[in-house]
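Residue numbers (full-length UniProt numbering): 1 to 37.
All residues carry an ideal CB built from backbone N, CA and C; glycine is no exception.
As the structure is a prediction and not an experimental result, all values here were calculated from the model.
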């Protein structure tokens with residue numbers, strides 16, 4: 001059961017670290033696609 005809890009915690013970390021660059025790329029894409037300057 002300890003292995004299962006460790007796996008679930010790793011999945012949470014992977015999701016957090018996996019989605020953060022995606023959000024950053026989306027923000028940069030929107031920022032450069034729609035010029036505000």
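Determine the direct distance from the alpha carbon of residue j to that of residue i, and round the result to whole angstroms.
i, j, result
"residue 35", "residue 3", "49 Å"
"residue 28", "residue 22", "10 Å"
"residue 13", "residue 5", "13 Å"
"residue 26", "residue 32", "10 Å"
"residue 8", "residue 1", "11 Å"
"residue 17", "residue 24", "11 Å"
"residue 30", "residue 10", "30 Å"
Is there a Cβ of chain C sitting closer than 8 Å to that of residue i, yes or no?
i, result
"residue 21", "You won't find chain C in this structure, because it holds only one protein chain."
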